[in-house]
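There are 2 protein chains.
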Amino acid sequence: VDARDAGQLNALLEPLPLSAALRQLLTLSADDRDTVLELVPTELAAALVEEAPHAAATELVERLEWDRAAEIIDVLDSDLQADLIGDLDSEDAEAILAELEPEDAADVRRLVAYEDDTAGGLMVAEAFKFPVTATVGAVLRSFVDEDQDFERYRGQHPYVIDAEGRPVGVVSLRGLLVAKRSEKLSAIMIEPIVVTVDTMLDELQDLFDRHSFLGLPVVEADGRLVGVVSRAAINAAALERAESEALKLQGVGDELRSMPLWLRSRRRLMWLSANIVLNVIAASVISAYEETLAAVIAIAVFLPMVSDMSGCSGNQAVGVTMRELSLGLVQPKDAMRVWLKELSVGAINGLALGVLIALVAWLWKGNVWLGAVIGAALALNTMLAVSIGGVVPLVLKRLGQDPAVASGPLLTTITDMAGFFLVLSLASLLMPYLI
Amino acid sequence: VDARDAGQLNALLEPLPLSAALRQLLTLSADDRDTVLELVPTELAAALVEEAPHAAATELVERLEWDRAAEIIDVLDSDLQADLIGDLDSEDAEAILAELEPEDAADVRRLVAYEDDTAGGLMVAEAFKFPVTATVGAVLRSFVDEDQDFERYRGQHPYVIDAEGRPVGVVSLRGLLVAKRSEKLSAIMIEPIVVTVDTMLDELQDLFDRHSFLGLPVVEADGRLVGVVSRAAINAAALERAESEALKLQGVGDELRSMPLWLRSRRRLMWLSANIVLNVIAASVISAYEETLAAVIAIAVFLPMVSDMSGCSGNQAVGVTMRELSLGLVQPKDAMRVWLKELSVGAINGLALGVLIALVAWLWKGNVWLGAVIGAALALNTMLAVSIGGVVPLVLKRLGQDPAVASGPLLTTITDMAGFFLVLSLASLLMPYLI
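Protein chains in written order, with our numbering: chain C, 655 to 1089; chain U, 655 to 1089.
Next comes the structure, spelled out in structure tokens:
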């Protein structure tokens, strides 16, 4: 790498699976990564950028010279171009756009304006389209002629547009082959299913689930065909969303270890510091009962157990609700049904766990009343935890908040506080039997 | 629903998005679900079964009469057929297979035998194939004639097979259109990329990332073409895996609230009971220091804080490693590099959090030494937690265990124990300054 030997670098990276090549690239220092991306063939560099997770790809591109960045971006599909350009700062973005062909640059500018998880943000600007007056022969000839661009349209059916650029039909491959070459497209086309640029990812997933299309035409508010959103792009976006939701729960979002140390520390710390505040609130419940605790010190052994166990039960309920939300099987208005379902699981599991921990406490510390206090507290707190865990994501969704981010910390704080309070207040009540 | 009015049911469900229709179906009692699936048109019933998550689909089908189940299964793609049949108990499976056409049933039997996340388990048995001696004209005619089956091959390129059934070529649509109709396929075909039935999901994802194919031909060990694995099937499998990994972390796997109460309770309890054992182990550390705790009861307030905060830090590291594993950016052999990276983040964050919590403890309880004990314990435990969290998934993977399931509980137990131990042993050492 240090020798800047382009041929050898290429020979090294080319035969590797892309993910392995990317892994190699990301273990290098930032300067060495630049060198590699400058030296390898543009196609390979573009493939590496495409394989890289979002944040890493942006970082790779923004460090490059503008003309090299433009060369690499030029090879990518227009939806990826827009994702990258949209994440760069505006000076870099403008400079790179200036290096692209004016027409491509205009496409990218247009795509950048759309929201990420909408048809506009997920589509490619290139559509395989023909005027309504064209003949079957013209389409077949274009299959053959459009050498360069054909790949870009992969999987797309030819769309038929009217004089105003609105999609009025779609033609099947079979239709093209059966028809006479002189036939007008208007005679063999069928009505297309179109989506608007602001159609959301969930709805797009549903459409692709219901139909076997590989792509859907996307129109602006005025009805003009502006792009095509592919099944593959929708699947990739859904996969990315599923992965990032799980990580947002822990405050690490899209972190990769190849990112700078300070950035990684700062982002994790932000989330942890917020967590400290919640922890202090929960701990203040213990602080209020220090006398009880001092009298029966064995309780301190079981405090973390009760709060931790109910936290786990609650998180199970959060997990099921999040999954049902993402599968579209539950909506905020179903909160009551979800609560009843969770309450029944909570009653069974709370009872089982309560009896179990009561036995443990009794046998360990030799006081049956201590067992009763701990067991009752865990049983009640489990029912509370699953109720909150099942319903909180729905309430957050209803309030327009992201349930993936806020549900966990909210749940843990409440179950910690309630767990500490239940154990310590029950112990205070039954103090004569515990000492 | 109770009136068993097929027409009205269909009118009710048909216009809904599939996910909404499925939501309606799953809120019904099990008996009513059976009624609905018996009454609605087979296509709609099949679409609902297809939309349902894996476990729910199996449950829906296994409750139906065998002949109705066979009607519905007959409409599905063969990969889904195999998934469903494979999950039924063998009596149901045999009875349903007996109702299918012998040829279809044989296909399904064959598919069931393959592992889930391999090309064999993800492929459809129908391949769009032609003998090497066929002409371009024959292929084009089959596009037109194979009315019924054409849809099944969507997105597939025609594969060319030799006399032994081995794929020797693949033909592009463009090639077909450019060539003369009398030309032999052998003249225009290019060499295909083939995968074997035991190719793993990760490798398939990588192949589809590198190439723009919509499908790949799958061969048996003897080289015979036995099916085609599509890009869509790979994407769906990857999405399902990402979602289920996050949930396995909490012991809820593929639970849906429409499942029977006892099943849901039992599965959650199994995981929670294992967790209780880990909790008892951690709590025994506190138990060993009851004297220290009795002397400085304020420590009890901070014990759960230290263990909880380090648990969060460790889980962040687990999250990043799991993501890098799933992106293929890290491998078990990188454990040392990951550890050093985590150690630096841990040092910074541990210091920051330690100072923060030390100030809180000092100001709250009015003893600077108490602050020092708590702060030092949190700082050290944070470094330990991120080290374990970053490396443990890699070690589990190396040992052939599933890192998604075991990393969380293992981490939490160790950080709890270490946190309790650090706080209480430091407090024992500095006891004269704390009282």
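Note that CB positions come from ideal geometry on N, CA and C, so glycine has one too.
Values in this document were obtained by computation on a predicted structure and should not be read as measured data.
Of C:Asp860, C:Val851, C:Gly823, the smallest CA-CA separation from Ile842 of chain C is found for C:Gly823. Around Met963 of chain C, the beta-carbon contacts reaching into chain U at under 9 Å are Leu926, Asn929, Ile930, Asn933. Close to Asp860 of chain C, with beta-carbon spacing below 7 Å, are these residues of chain U in chain order: Pro671, Leu672, Ser673. Neighbours of Val1059 of chain C in chain U, taken as residues at a C-beta separation under 8 Å, are lacking, since the least C-beta distance is about 13 Å. With contacts defined as CB atoms closer than 7 Å, Val955 of chain U and Ile940 of chain C qualify as a contacting pair.
Under the Cβ criterion of 7 Å, Ala949 of chain U is not counted among the residues facing chain C.
In summary, the residues of the segment 819-835 of chain U whose CB is separated from some CB of chain C by less than 8 Å are Leu827, Arg828, Leu831, Val832, in the order they occur in the chain. DSSP places Pro1063 of chain U inside the alpha helix (DSSP H), whose first and last residues are 1057-1083. Assigned with DSSP and collapsed to three states, Tyr813 of chain C falls in strand.
For the pair Ala736 of chain U and Val762 of chain U, the CB atoms are nearer than the 7 Å cut-off.
Between Leu794 of chain C and Leu855 of chain U, the CB-CB gap reaches or exceeds 7 Å. At a cut-off of 7 Å between beta carbons, Glu755 of chain U makes no contact with chain C. Within the segment 827-881 of chain C, the runs of alpha helix (DSSP H) that reach at least 4 residues and sit entirely inside it are, in chain order, 827-832, 839-842, 855-864. In this structure Leu1007 of chain C is buried. Its beta-carbon is surrounded by 16 or more other beta-carbon atoms within 10 angstroms. Under the three-state reduction of DSSP, Pro671 of chain U is assigned to coil, being neither helix nor strand.
Considering only beta carbons, the part of the segment 997-1019 of chain U lying closer than 8 Å to chain C consists of Ser998, Val999, Ile1002, Asn1003, Ala1006, Leu1007, Leu1010, Ile1011, Val1014, Trp1018, in chain order. Take the alpha-carbon of Glu745 of chain C and the one of Ala890 of chain U: they are about 38 Å apart. Closer than 7 Å to the CB of Ile940 of chain U there is at least one CB belonging to chain C. Under DSSP, Gly823 of chain C shares a beta bridge with C:Val814. The DSSP-derived three-state label of Pro785 of chain C is strand. No beta strand (DSSP E) of 3 residues or more sits fully in the segment 963-1035 of chain U. For Ser912 of chain C, the secondary structure class from DSSP, reduced to helix, strand or coil, is coil. Your pair Val1040 of chain C and Gly968 of chain C checks out as a contact, with CB atoms roughly 6 Å apart and the cut at 8 Å. Contact annotation for Pro846 of chain U against chain C: no contact, minimum CB-CB distance about 17 Å [criterion: below 9 Å]. Ranked by how close their Cα comes to the Cα of Ala779 of chain C, the residues C:Leu666, C:Ser912, C:Val883, C:Leu947 have C:Val883 in first place. In the three-state DSSP reduction, Val906 of chain U falls in the coil class, being neither helix nor strand. The three-state secondary structure of Ser884 of chain U, taken from DSSP, is strand. A contact is defined here as three or more CB-CB pairs under 8 Å, and the segment 918-925 of chain U fails this definition with respect to the segment 915-924 of chain C. Contact between Leu734 of chain U and Glu704 of chain U holds: their C-beta atoms lie close to 6 Å from each other, under 8 Å. Within the segment 906-926 of chain U, Val906, Glu909, Leu910, Arg911, Leu915, Arg918, Ser919, Arg922, Leu923, Leu926 place their CB atoms closer than 7 Å to a CB of chain C, listed in sequence order. In the three-state reduction of the DSSP assignment, Val950 of chain C falls in the coil class, being assigned neither a helical nor a strand state.
Think of a sphere of 7 Å around the beta carbon of Phe1075 of chain U: no beta carbon from chain C falls inside it, the nearest being about 13 Å out. Ser964 of chain C is a Cβ neighbour of Thr1036 of chain C, given a cutoff of 7 Å.
Thr772 of chain C is bridged by DSSP to C:Met854. When Cβ-Cβ separations below 7 Å define contact, Met959 of chain C makes contact with chain U. Excluding sequence positions up to five before and after Ala1001 of chain C, its CB lies within less than 7 Å of the CB of Met1037, all in the same chain and listed in chain order.
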